[in-house]
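This report refers to the structure that appears directly beneath it.
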Amino acid sequence: MLDDRTSCDFNEIKFVKPDEYKVANCGVIYTVLGTCIAVLLWDKKNHIGGLAHYRIGKKPLNKGSYISGEELLEKMYEEMIKSGADSSFITANLIGGMDTGREIASKIVDDNIETALKFLLKNRIELKNRKTGFNLPLRIRFYLEDGRVTIQKIEYGEEKEWLRWKRQ
206 MLDDRTSCDF NEIKFVKPDE YKVANCGVIY TVLGTCIAVL LWDKKNHIGG LAHYRIGKKP
266 LNKGSYISGE ELLEKMYEEM IKSGADSSFI TANLIGGMDT GREIASKIVD DNIETALKFL
326 LKNRIELKNR KTGFNLPLRI RFYLEDGRVT IQKIEYGEEK EWLRWKRQ
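In case it helps, the working numbering puts the sequence shown at residues 206 to 373.
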């Protein structure tokens, strides 16, 4: 079980890198997306959320230790349930998949979206919002106090500022 929410610091920021996920009941889960996909799960009854950020939906046959979107989503969902989430109250947001105009990237993005949609269907999770195909990278903030999500486009030139912040 996650800690009691009365001791939560809702200003705490948890950063999610590509091929990672985080589950929490307070604070902010934050990530930056390009062609990657983020799946955000939210249990509105128990105020437990998770964010998975992945580059490739399915595990390539020749990558032994590679973590795919399929694996990340399953692990995140299992951790949410173990932490006290009620599967009948979980909803989802699907965000990312920047359109680069390159055919190979478009195929990967389509596969990543398909992976997310299959996972949601399999687990009977309602997709509340789908925001995909932007033409710029995105900052995603998932506020676990109330399940709110903000999406901010990163203008070119700004990413240097973000990279500097990330290294600190």
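Don't be surprised by glycine CBs; every beta carbon is placed ideally from N, CA and C.
- By DSSP, does G229 sit in helix, in strand, or in coil? Per the sequence shown, residue 229 should be read as Ala rather than Gly. The three-state reading of DSSP puts A229 in strand, counting E and B together.
- Within 8 Å (strictly less), CB to CB, does E217 reach chain B? Absent from the structure is chain B; it holds one protein chain and no more.
- Starting from the C-beta of C213, find all residues in its chain whose C-beta is less than 6 Å away, skip the five residues before and the five after it, and write them out in chain order. Same-chain partners within the cutoff: C231.
- Given L343 as reference, the closest of Y282, G239, E275 once Cα atoms are compared: Answer by Cα proximity: G239.
- Query: By Cβ distance below 8 Å, which residues in the same chain neighbour E360 in space, the five residues on each side in sequence not counted?
  - Reply: Only L341 meet the Cβ criterion.
- Query: Per DSSP, what kind of secondary structure is N334 in: helix, strand or coil?
  - Reply: Here N334 carries a strand assignment [DSSP, helix/strand/coil].
- Identify the continuous alpha helix (DSSP H) that holds I300 and give its terminal residues. First-last for I300: 295 to 301, but that is the beta strand (DSSP E), not the alpha helix (DSSP H).
- Throw me the rounded Cβ distance for the I300 and L349 pair, which I believe falls under 8 Å. Not a contact, Cβ separation roughly 16 Å.
- Have a look at C241, I218, I345, W247 and flag the residue whose alpha-carbon is nearest the alpha-carbon of D351. Taking D351 as reference, the option from C241, I218, I345, W247 with the minimal CA-CA separation is W247.
- Message: Mapping the DSSP letters down to three states, classify D214 as helix, strand or coil.
- Response: Here D214 sits in coil by DSSP.
- Message: Let's see if you can read the secondary structure: which residues bound the alpha helix (DSSP H) around D316?
- Response: Following the DSSP letters along the chain, one finds D316 inside the alpha helix (DSSP H) bounded by residues 308 to 327.
- Message: Looking only at its chain, what residues have a beta carbon closer than 7 Å to the beta carbon of K378, apart from the 5 residues adjacent to it on each side?
- Response: In the structure displayed, the chain extends from 206 to 373; residue 378 sits before or after that span and is not available.
- Is the region 302 to 312 touching the region 250 to 266, taking contact as three or more C-beta pairs under 8 Å? The region 302 to 312 makes no contact with the region 250 to 266: fewer than 3 CB pairs, one atom from each, lie closer than 8 Å.
- Task: On a CA-only basis, which of I356, I330, E284, K219 is nearest G338? Give me that one, please.
- Result: Among I356, I330, E284, K219, the Cα nearest to that of G338 belongs to I356.
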